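From first to last, the protein sequence lines are chains A and B.
In terms of my numbering, the first sequence has 290 at position 290, counting the first letter as 1, and numbering is strictly consecutive.
In terms of my numbering, the second sequence has 202 at position 202, counting the first letter as 1, and numbering is strictly consecutive.
Glycine included, every Cβ here is placed at the ideal spot set by N, Cα and C.
Note that this is a predicted model, so its numbers are computed, not measured.
Okay, so here's the structure we're looking at.
2 protein chains.
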Amino acid sequence: MNIGVLGAGQLGRMLALAGYPLANRFTFLDTTGHPSAGIGDVMIYTDQHHLLDDFLAKVDLVTYEFEHLPVALVQAIEEVKPVYPSSEAIRICQNRAEEKALFDRLGIPTPAYRIVESAEALEAAARELGTPVVAKSVTEGYDGKGQAVLRDPGEAAEAWRSINHPKLIVEAFVDFVREVSIIAVRGREGEVAFYPMAENLHVDGILRYSLAPMPDLDESVQQTADGYIRALLDELDYVGVLTLELFQTRDGKLLANEMAPRVHNSGHWTMDGAVTSQFENHLRAIQGLPLGDTSARKPTCMVNVIGQEGDPAAILAITDAHLHRYDKSERPGRKLGHVNLVAESHAELLEKVHACAWLLPEAPEARFSFEG
Amino acid sequence: MNIGVLGAGQLGRMLALAGYPLANRFTFLDTTGHPSAGIGDVMIYTDQHHLLDDFLAKVDLVTYEFEHLPVALVQAIEEVKPVYPSSEAIRICQNRAEEKALFDRLGIPTPAYRIVESAEALEAAARELGTPVVAKSVTEGYDGKGQAVLRDPGEAAEAWRSINHPKLIVEAFVDFVREVSIIAVRGREGEVAFYPMAENLHVDGILRYSLAPMPDLDESVQQTADGYIRALLDELDYVGVLTLELFQTRDGKLLANEMAPRVHNSGHWTMDGAVTSQFENHLRAIQGLPLGDTSARKPTCMVNVIGQEGDPAAILAITDAHLHRYDKSERPGRKLGHVNLVAESHAELLEKVHACAWLLPEAPEARFSFEG
């Protein structure tokens with residue numbers, strides 16, 4: 001089975017590493033001009049139709065590791081080869097307004113929001129929701145770009161200019177206790193498996209730590225999240241791994257932030273901490289193979305390596321530390337790799353997390369909500 | 001770090017899969033004309049010196065996954081780039097007489113044996129050791145080729161003709177309870193880590209099952225095996241993974257059968273059953289990185305897929321089953337992949353082993369010594 005992957009970054013690389021043992025081969029179609037997968041066949045797409053034809057001739061089915069793709073391209077591919085998940089998932093995830101409307105339709109709670117198409121409407125929305133609010137372009141946003149925080153409705157004109165997009169979503173701030181994510185996988189026959197939820201720490205809009213399972217998570221909260229993501233999976237007749245990022249509020253409620261139609265950084269802990277990794281389960285799903293067990297083996301924390309590498313020897317000297325480098329050059333804010341730390345208990349895990357953070361030049365302090 | 005690998009079979013493939021996360025790249029030099037790694041850069045060596053120069057120009061250090069290599073080739077490579085483990089390990093492992101002499105020198109017990117250089121000497125040895133005996137050519141033996149069993153000293157002339165080699169080793173049969181192996185890894189500074197011993201089931205000279213840890217293994221037996229392999233590692237100033245296959249006799253004694261200067265089929269269970277796999281630890285060792293924890297996570301059994309594939313969907317439906325396919329075409333006796341089964345208890349593990357064997361067309365019955 002030759003699997004075509006749209007996108008050729010580290011997620012594609014890790015898909016391939018999980019897929020070789022299943023006798024899969026990989027052909028990547030990069031649309032950015034900067035592929036970094038470093039494995040399999042990599043083709044760089046430049047609007048040349050013969051190249052797309054070559055790609056399609058090589059592969060048995062197509063998936064993606066990157067959703068900021070031209071929807072028309074994915075739709076064209078769908079005419080020729082099976083694409084999992086479908087272009088509909090990409091279309092919705094590319095547009096925050098569509099995404100929120102889907103959440104609303106399925107009864108998945110979100111922070112209060114408004115869609116605005118002018119500076120005046122932005123100001124009115126800020127007033128109505130109560131500042132601070134965050135305004136985001138409905139499309140093309142990625143990793144905190146195209147966003148502005150308004151501390152006062154009077155900042156609307158400036159925010160509108162700086163974002164420079166015809167349609168924005170304005171969201172009320174949420175007084176959350178923690179950011180969490182739920183990752184699930186749905187097979188071709190509609191069967192679904194859920195990973196234990198992870199607690200995620202972001203700094204400057206970039207994920208830094210994901211920890212799972214959470215020691216203080218109420219089983220009913222996991223079940224609520226499972227219900228939300230199942231509704232999304234079923235509605236989209238989704239095949240593969242889907243990620244839903246949520247806020248957990250002080251009273252234990254979950255509010256959906258956004259979803260990603262792919263394997264996700266907050267699921268990298270599964271590579272060493274779960275019975276079956278998110279990457280393998282995505283590949284199992286899209287090939288119609290049985291889904292693997294999503295249970296956690298032990299408390300696990302993923303630490304992202306951002307901007308600058310740590311000394312691999314020092315990191316690997318930590319017991320049950322698993323280094324995953326992406327073989328990319330250093331650049332501020334760039335995801336260069338991650339470390340999965342596995343421990344017998346959460347107390348021991350936190351010790352390892354702090355020891356590991358010490359070895360990473362740009363790792364911020366890790367403070368999880370359950371530390372009180 | 002670009003790692004040159006001599007040999008390009010499934011062991012090389014699995015080394016590469018373990019090495020990408022360490023940001024290693026791989027260049028394979030195949031000497032058989034039939035590479036199957038299917039990953040990294042593969043060069044086919046055909047005595048062309050410029051090709052060897054190209055290989056050496058690409059790589060930072062060299063290791064191997066196949067020891068049936070011209071020693072002169074490895075020695076020539078050693079003049080240019082670091083080779084771990086050294087050519088001395090290959091030289092000894094290619095010659096059963098040298099290997100046994102090393103065991104003797106280090107006080108590692110072996111089955112009684114004689115070296116013979118004529119049919120007459122073979123007959124005398126068979127008489128002296130007591131039939132049955134097994135006669136093997138001292139070199140070029142691989143997977144049961146170049147061997148004969150003598151049930152009576154009178155069969156010496158025929159055995160001598162059929163093996164057709166100027167120097168044989170003749171070994172007494174051992175009344176063993178089980179075949180076991182110990183795998184250890186030695187770093188560049190001489191530090192050593194030992195995996196839990198595995199019980200191995202062979203049929204027709206081909207490994208079929210490896211199970212670790214053994215539920216009934218006396219700690220003192222593990223310590224004895226650790227001592228034997230440590231002596232070998234230190235004597236050879238060895239860097240990397242070394243495997244020692246042994247017989248365990250009824251009275252609990254260990255007798256060394258043979259060693260392999262590389263990652264080994266009987267260590268494939270470590271990919272899913274140990275904290276750090278043999279492949280990652282080999283790569284850590286040869287790069288001067290700290291060795292990883294060799295502990296077993298849970299009872300694990302490796303089942304080889306020989307000759308014919310089983311249905312991947314049925315295999316992957318077993319909970320905590322991990323399929324490792326080598327992406328090779330089917331052929332009688334060929335190693336096509338393996339399945340690692342992980343379970344909470346040995347009883348549960350055996351159930352999974354039997355369920356898995358049922359799914360593999362050519363898997364023999366698995367009956368481990370501890371089943372009584």
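Bounding residues of the alpha helix (DSSP H) (the contiguous stretch that carries residue i)
| i | result |
| --- | --- |
| A/Gln287 | Note, A/Gln287: premise wrong, no alpha helix (DSSP H); not H, not E. |
| B/Thr224 | Glu219 to Glu235 |
| A/Phe28 | Not the alpha helix (DSSP H): A/Phe28 falls in the beta strand (DSSP E), residues Arg25 to Asp30. |
| A/Thr270 | Thr270 to Gly273 |
| B/Arg127 | Ala119 to Leu129 |
| B/Ser210 | It is not in any alpha helix (DSSP H) - B/Ser210 instead sits in the beta strand (DSSP E) that spans Ile206 to Ala212. |
| B/Ala321 | From DSSP, B/Ala321 is part of no alpha helix (DSSP H) but of the beta strand (DSSP E) over Ala321 to Arg325. |
| A/Ile169 | Note, A/Ile169: premise wrong, no alpha helix (DSSP H); beta strand (DSSP E) at Leu168 to Ala172. |
| A/Ala193 | It is not in any alpha helix (DSSP H) - A/Ala193 instead sits in the beta strand (DSSP E) that spans Val192 to Phe194. |
| B/Met14 | Gln10 to Gly19 |
| A/Arg367 | Segment: none, A/Arg367 is in no alpha helix (DSSP H) and carries neither H nor E. |
| A/Leu359 | His346 to Leu359 |
| B/Arg96 | Arg96 to Arg105 |
Closer than 8 Å at the beta carbon, the chain B residues around residue i
| i | result |
| --- | --- |
| A/Leu393 | With chain A represented from 1 up to 372, any question about residue 393 of chain A goes unanswered, as that position is not in the structure. |
| A/Asp293 | Thr319 and Asp320 |
| A/Arg449 | Nothing in the structure corresponds to residue 449 of chain A, since chain A is present only between 1 and 372. |
Chain-ordered neighbours of residue i on chain B, where CB pairs are closer than 7 Å
| i | result |
| --- | --- |
| A/Ile229 | Correct list: empty, because the minimum Cβ distance to chain B is about 22 Å. |
Which listed residue (the options) has its alpha carbon closest to that of residue i
| i | options | result |
| --- | --- | --- |
| B/Glu199 | B/Leu168, B/Tyr228 and B/Leu207 | B/Leu207 |
| A/Tyr209 | A/Glu258, A/Ile169, A/Ala76 and A/Met302 | A/Met302 |
| B/Thr46 | B/Gln308, B/Pro70, B/Gly187 and B/Lys58 | B/Pro70 |
| A/Ala314 | A/Pro299, A/Trp358, A/Asn304 and A/Leu22 | A/Trp358 |
| A/Ala156 | A/Val133, A/Met43 and A/Gly240 | A/Val133 |
| A/Phe173 | A/Ala260, A/Leu73 and A/Lys136 | A/Lys136 |
| A/Phe103 | A/Gly227, A/Glu78, A/His49 and A/Phe26 | A/Gly227 |
| B/Leu217 | B/Pro111, B/Thr249, B/Glu330 and B/Val275 | B/Thr249 |
| A/Asp311 | B/Gly288, B/Pro109, B/Phe247 and B/Ala355 | B/Gly288 |
| A/Gly372 | A/His268, A/Ser329, A/Thr139 and A/Pro215 | A/Pro215 |
| A/Trp160 | A/Leu246, A/Glu179, A/Ala125 and A/Leu316 | A/Ala125 |
| A/Gly19 | B/Gly205, B/Gly146 and B/His324 | B/His324 |
| A/Asp204 | A/Lys328, A/Glu362 and A/Trp269 | A/Glu362 |
| A/Leu22 | B/Lys328, B/His49, B/Arg297 and B/Gly307 | B/Lys328 |
| B/Asp175 | B/Phe247, B/Asn95, B/Gly38 and B/Ala37 | B/Phe247 |
| A/Arg127 | A/Glu171, A/Ala37, A/Leu316 and A/Ala76 | A/Glu171 |
| B/Thr110 | B/Ile169, B/Tyr195, B/Glu117 and B/Glu140 | B/Ile169 |
| A/Glu79 | A/Leu52, A/Gln147, A/Met197 and A/Glu245 | A/Leu52 |
| B/His188 | B/Glu65, B/Leu291 and B/Arg297 | The sequence given here has Arg at residue 188 of chain B, not His. That would be B/Leu291, whose Cα lies nearest to the Cα of B/Arg188. |
| A/Glu245 | A/Leu350, A/Ala101, A/Asn257 and A/His50 | A/Asn257 |
Expected contact under 8 Å - CB spacing of residue i and residue j to nearest Å
| i | j | result |
| --- | --- | --- |
| A/Asn164 | A/Gly273 | Incorrect: roughly 41 Å between the Cβ atoms, too far for contact. |
| A/Ser181 | A/His264 | 7 Å |
| A/Ala89 | A/Tyr238 | 6 Å |
| A/Thr319 | B/Asp293 | 5 Å |
| B/Val192 | B/Arg186 | 5 Å |
| A/Thr32 | A/Gly4 | 16 Å between Cβ atoms; not a contact. |
| A/Val149 | A/Ala97 | Rounded, the Cβ-Cβ distance is 19 Å, inconsistent with contact. |
Residue range of the unbroken beta strand (DSSP E) whose run includes residue i
| i | result |
| --- | --- |
| A/Lys136 | Val133 to Ser137 |
| B/Leu61 | Leu61 to Tyr64 |
| B/Ala198 | Ala198 to Val203 |
| A/Lys335 | Lys335 to Val342 |
| B/Gly240 | Gly240 to Thr249 |
| A/Ser181 | Phe176 to Arg186 |
| B/Val263 | Segment: none, B/Val263 is in no beta strand (DSSP E) and carries neither H nor E. |
| B/Val149 | Gln147 to Leu150 |
| B/Asp41 | Asp41 to Ile44 |
Listed by chain order, chain A residues near residue i by CB distance under 8 Å
| i | result |
| --- | --- |
| B/Pro413 | Residue 413 of chain B is absent from the structure shown; chain B starts at 1 and stops at 372. |
| B/Ile39 | Tyr20 and Ile39 |
| B/Leu360 | Neighbours of B/Leu360 on chain A: none; closest Cβ ~15 Å, over 8 Å. |
| B/Leu17 | Leu17, Tyr20 and Pro21 |
Interface partners of residue i on chain A, CB under 7 Å
| i | result |
| --- | --- |
| B/Arg284 | Leu316 |
| B/Val339 | Residues of chain A passing the Cβ test: none, with the nearest at roughly 10 Å. |
| B/Val275 | Asp320 |
Next on the checklist: Check whether the stretch 218-237 of chain B and the stretch 55-64 of chain B touch, using three or more Cβ-Cβ pairs below 8 Å as the test.
Outcome noted: Cβ pair count under 8 Å is below three, so no.
Next on the checklist: Taking contact to mean 3 or more Cβ pairs, one atom from each stretch, closer than 8 Å, check whether the stretch 332-350 of chain A and the stretch 245-260 of chain A are in contact.
Outcome noted: Segments in contact, no.
Checklist entry - Pairing CB atoms from the stretch 9-20 of chain A with CB atoms from the stretch 29-43 of chain A, are three or more of them under 8 Å? => result These segments touch.
Checklist entry - Given 8 Å as the limit, is there contact between the stretch 76-95 of chain B and the stretch 104-116 of chain B, that is, 3 or more CB pairs closer than that? => result In short, these stretches do not touch, since the Cβ pair count stays below three.
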